[in-house]
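Student: Sending over a structure as structure tokens; questions will come in a sec.
Residue numbers (UniProt numbering): 1 to 557.
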């Protein structure tokens, strides 16, 4: 065989095979089919002329030939991963991919004189524009569903894009649609580039959003979690599982999540996170935030693939959007995974999260509070560091003057900081968090009442001076109201908090008795759930003990 037929492209096999693969890619990626085919044809024409030059013993030197094979390899290395991407990622990268194909053609122009080719110059720029128009015309001639399917099944890629839909379970359809409209602006812009000025964009986007919206049940914001319920007569180590106000996007069936992850979606997202353009990094952080919110296995896999260090980099020095989604992704990765909590803290995420908490926009503050709350959960070292770096004061400010959702997340974060840490409890009390937490229990939403009571319960553990402040803030009536009028979950969290207060001094117990708690506890012992009965019995034992001071621990949460 001759030199040309045996010549290898770095990492792509022999040139003939590499060109054949490039042609296959052009047939598989309809939105860039014609420009990719023309790029292939130009590279193949060079190969054909070089083959003729070899027959005439006129081949250029090996250095020039290496420049050609390197260009073929570079084209393939960029286009092959693109063709294998999930559909939403291809849409998001479309304009960048078109620009790169344009640049490859410019490199061919520079290569022609180096190779001493005699081929007539071609007006490839005009051909590029014609190819783009042809692509747009062909795509636009299809019906909306076929257009979407030509790129890929967007319906199964919903998790690859952040859908900023808050409390969708309580919204009307029109409100959900408005949220999807806002969240998917980047996808709309790229579909616009794919279709051109055809008038088909609106119908395609409507169809695309319909598929996405069909999968939306709740929100993808950071979830602050606490630990499972424990034995009420054991040491106060365990924390309650709280229903987060923010849930995740759910797909039509359990196989959809597996498809996103098994098709290499997570490695692609981590790669974009490391080396993508600004918008790609933002979208990748958003998608990883969603995937980490969905599944404990995803949290392990995302961390294993090395996403935490680049997320911390974005958190420190990214754009506003990158910082927000990086904070949300790190918060979700810390959810229920202590190895991730330790790595995130070890990579230096705590201080920039606190900076966002102080100076960020509303979304950044929300995600930062969520992340700090999850990092503090069930991790003594992180609790100490978060408080030492100054998170308590801005969390209390957020609790006092933030949005409803920020208050919810701040309350949970403060509760997690207070768990099993008397120094943090005292600091939170000094920052005047207790009156605001009591107000949440009095007049907030169901989630606010739950989170406010949870934080008060954590503050009440093991610190009688803080217990006195909780009682002085008129907390007993709204806590008793949870037992009297609340649902089963509210009764349980109310019992947890009151049982902690019952461990207090004689004056604290006297105030609790004054509000008629004992008859309620007696009733719960007879008709409550098993967990409620345990808490009620423990609270009664504390209220009836003869001496002041704590003789035991409640340990519910």
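The beta-carbon is built from N, C-alpha and C at its ideal position, and this holds for glycine as well.
If you're wondering where the values come from, they're calculated on a predicted model, not measured in any experiment.
#1: Between the alpha carbons of residue 106 and residue 301, how many angstroms are there, rounded?
#2: Identify whether residue 265 lies in helix, strand or coil by the three-state DSSP scheme.
#3: Quick check on residue 419: does DSSP put it in helix, strand or coil?
#4: How big is the Cα-Cα spacing for residue 372 and residue 488?
#5: Determine the extent of the alpha helix (DSSP H) in which residue 59 is found, giving its start and end residues.
#6: If we ignore side chains and look at the alpha-carbon of each, how far apart do residue 419 and residue 409 end up?
#7: Under the DSSP definition of a beta bridge, which residues are partnered with residue 8?
#8: Could you pull out every residue in the same chain whose Cβ sits closer than 8 Å to the Cβ of residue 529, ignoring the five residues on either side in sequence?
#9: Start and end of the alpha helix (DSSP H) containing residue 568?
#10: Can residue 399 and residue 429 be called in contact, C-beta distance under 7 Å?
#11: Considering just the uninterrupted stretch of the alpha helix (DSSP H) at residue 534, what are its terminal residues?
#12: Answer yes if the stretch 494-503 comes into contact with the stretch 465-483, meaning at least three C-beta pairs across the two stretches below 8 Å, and no otherwise.
#13: So is residue 563 buried or exposed if we call it buried at 16+ other beta carbons inside 10 Å?
#14: Is it buried or exposed, residue 318, if we count other Cβ atoms within 10 angstroms and call 16 or more buried?
#15: On the CB-based measure, 16 or more other CB atoms within 10 Å of its CB, does residue 27 come out buried or exposed?
#16: Quick one, which of 385, 71, 481, 30 has its alpha-carbon nearest residue 441's?
#17: For residue 14 and residue 82, I'd like the C-alpha separation in whole angstroms.
#18: Comparing alpha-carbon positions, which option in 518, 468, 511 lies nearest residue 483?
#19: Would you report the Cα separation of residue 37 and residue 346, rounded to the nearest angstrom?
#20: Using the Cα positions of residue 104 and residue 71, report the straight-line distance between them to the nearest angstrom.
#21: Quick check: the Cα distance between residue 337 and residue 502, rounded to an integer number of angstroms?
#22: I'd like to check one pair, residue 524 with residue 536: are the Cβ atoms closer than 7 Å?
#23: With DSSP run on the structure shown, which of helix, strand or coil describes residue 305?
#24: Would the beta-carbon of residue 134 fall within 7 Å of that of residue 68?
#25: So, are the CB atoms of residue 51 and residue 7 less than 7 Å apart?
#26: Please check the pair residue 329 and residue 288, which I expect to be a contact at CB under 8 Å, by giving their CB distance rounded to whole angstroms.
#27: Just tell me which of 46, 294, 417, 311 has its CA closest to the CA of residue 112.
#28: Quick check on this structure: which residue in 490, 63, 397 has the alpha carbon closest to the alpha carbon of residue 531?
#29: Below 8 Å on the Cβ atoms is my guess for residue 94 versus residue 31; work out the distance and round it to an integer in Å.
#30: Could you tell me which of 365, 12, 364, 391 sits nearest to residue 376, measuring between CA atoms?
#31: For residue 18 and residue 124, I'd like the C-alpha separation in whole angstroms.
#32: Look up residue 378 in the DSSP assignment and say whether it is helix, strand or coil.
#33: Residue 411 and residue 369 - do their beta-carbons sit closer together than 7 Å?
#34: In angstroms, rounded to a whole number, what distance separates the CA positions of residue 641 and residue 456?
#35: Alpha carbons only, please: which of 11, 469, 374, 127 is nearest the one belonging to residue 628?
#36: To the nearest angstrom, how far is it from the Cα of residue 154 to the Cα of residue 85?
Tutor: Put simply:
#1: Residue numbering aside, residue 106 sits at position 106 when the chain shown is read from its first letter. Residue numbering aside, residue 301 sits at position 301 when the chain shown is read from its first letter. Answer to the nearest angstrom: the Cα atoms are 40 Å apart.
#2: As a working mapping, residue 265 is identified with position 265 in the chain shown. Helix at residue 265.
#3: Here the question's residue 419 lines up with position 419 in the chain shown. In the structure shown, residue 419 sits in coil (DSSP, three-state: anything other than H, G, I, E or B).
#4: Residue 372 sits at position 372 when you count from the first residue of the chain shown. Residue 488 sits at position 488 when you count from the first residue of the chain shown. Counting only the Cα atoms, residue 488 lies some 28 Å from residue 372.
#5: The residue given as residue 59 occupies position 59 in the chain shown. Run containing residue 59: none; DSSP gives neither H nor E here.
#6: Locating residue 419 in the chain shown gives position 419, where the first residue counts as 1. Locating residue 409 in the chain shown gives position 409, where the first residue counts as 1. CA-to-CA, the gap between residue 419 and residue 409 works out to about 16 Å.
#7: For the purposes of this step, residue 8 is taken as the residue at position 8 of the chain shown. Answer by DSSP bridge pairing, in chain order: 14.
#8: Within the chain shown, numbered from 1, the residue matching residue 529 stands at position 529. Cβ within range, chain order: 488, 492.
#9: An answer regarding residue 568 cannot be provided, because it is not within the stretch 1 to 557 covered by the chain.
#10: Along the chain shown, one-based indexing puts residue 399 at 399. Along the chain shown, one-based indexing puts residue 429 at 429. A distance of 7 Å or more separates the beta carbons of residue 399 and residue 429.
#11: As a first step, residue 534 is located in the chain shown; it is residue number 534 there, counting from the start. Counting along the chain, residue 534 sits inside the alpha helix (DSSP H) bounded by residues 530-543.
#12: With the cut-off at 8 Å, the stretch 465-483 and the stretch 494-503 touch.
#13: With the chain covering only 1 through 557, there is no way to say anything about residue 563.
#14: By one-based count along the chain shown, residue 318 stands at place 318. Buried, since its Cβ has 16 or more Cβ neighbours within 10 Å.
#15: As a first step, residue 27 must be located in the chain shown, where it is residue number 27. With fewer than 16 other Cβ atoms inside 10 Å of its own Cβ, residue 27 counts as exposed.
#16: The sequence position of residue 441 within the chain shown is 441, counting from 1. The alpha carbon of residue 441 has as its nearest neighbour, out of 385, 71, 481, 30, the alpha carbon of 481.
#17: Taking the first residue of the chain shown as position 1, residue 14 is located at position 14. Taking the first residue of the chain shown as position 1, residue 82 is located at position 82. Rounded to whole angstroms, residue 14 to residue 82 spans 21 Å at the Cα level.
#18: Stepping through the chain shown from its first residue, residue 483 is reached at position 483. Closest by C-alpha distance to residue 483, out of 518, 468, 511, is 518.
#19: For the purposes of this step, residue 37 is taken as residue 37 along the chain shown, with counting starting at 1. For the purposes of this step, residue 346 is taken as residue 346 along the chain shown, with counting starting at 1. If you take the alpha carbons of residue 37 and residue 346, they lie about 48 Å apart.
#20: As a working note, residue 104 is residue 104 in the chain shown. As a working note, residue 71 is residue 71 in the chain shown. Distance between the alpha carbons of residue 104 and residue 71 is about 8 Å.
#21: Numbered from 1 along the chain shown, position 337 holds the residue referred to as residue 337. Numbered from 1 along the chain shown, position 502 holds the residue referred to as residue 502. The straight-line gap from Cα to Cα measures roughly 33 Å.
#22: Counted from its first residue, the chain shown places residue 536 at position 536. Counted from its first residue, the chain shown places residue 524 at position 524. Yes, the pair counts as a contact, with Cβ atoms nearer than the cut-off.
#23: What you label residue 305 is simply residue 305 of the chain shown in a count that begins at 1. Here residue 305 sits in coil by DSSP.
#24: Mapped onto the chain shown, residue 134 falls at position 134. Mapped onto the chain shown, residue 68 falls at position 68. Between residue 134 and residue 68, the CB-CB gap reaches or exceeds 7 Å.
#25: In the chain shown, residue 51 corresponds to position 51, counting from 1. In the chain shown, residue 7 corresponds to position 7, counting from 1. The Cβ atoms of residue 51 and residue 7 do not sit closer than 7 Å to each other.
#26: Your numbering for residue 329 matches position 329 in the chain shown. Your numbering for residue 288 matches position 288 in the chain shown. The pair is a contact, with the Cβ atoms about 5 Å apart (cut-off 8 Å).
#27: As a working mapping, residue 112 is identified with position 112 in the chain shown. Of 46, 294, 417, 311, the residue nearest in Cα terms is 46.
#28: Counted from its first residue, the chain shown places residue 531 at position 531. Per the Cα distances, 490.
#29: In the chain shown, counting from the first residue as 1, residue 94 sits at position 94. In the chain shown, counting from the first residue as 1, residue 31 sits at position 31. Yes, residue 94 and residue 31 are in contact; Cβ-Cβ is about 6 Å, under 8 Å.
#30: For the purposes of this step, residue 376 is identified with residue 376 of the chain shown, where counting begins at 1. Nearest C-alpha to residue 376: 391.
#31: For the purposes of this step, residue 18 is taken as residue 18 along the chain shown, with counting starting at 1. For the purposes of this step, residue 124 is taken as residue 124 along the chain shown, with counting starting at 1. Computed Cα separation, rounded: 21 Å.
#32: Here residue 378 refers to the residue found at position 378 of the chain shown. Correct three-state label for residue 378: coil.
#33: On the chain shown, position 369 is the one that residue 369 refers to. On the chain shown, position 411 is the one that residue 411 refers to. Cβ atoms of residue 369 and residue 411: not closer than 7 Å.
#34: The structure shown does not extend to residue 641, since the chain is modelled only from 1 through 557, so no value can be given for it.
#35: The structure shown does not extend to residue 628, since the chain is modelled only from 1 to 557, so the question has no answer here.
#36: The sequence position of residue 154 within the chain shown is 154, counting from 1. The sequence position of residue 85 within the chain shown is 85, counting from 1. Low confidence applies here, because residue 154 scores a pLDDT of 42, under 50, leaving its location unreliable; read the following figure in that light. Residue 154 and residue 85: Cα-Cα distance of roughly 12 Å.
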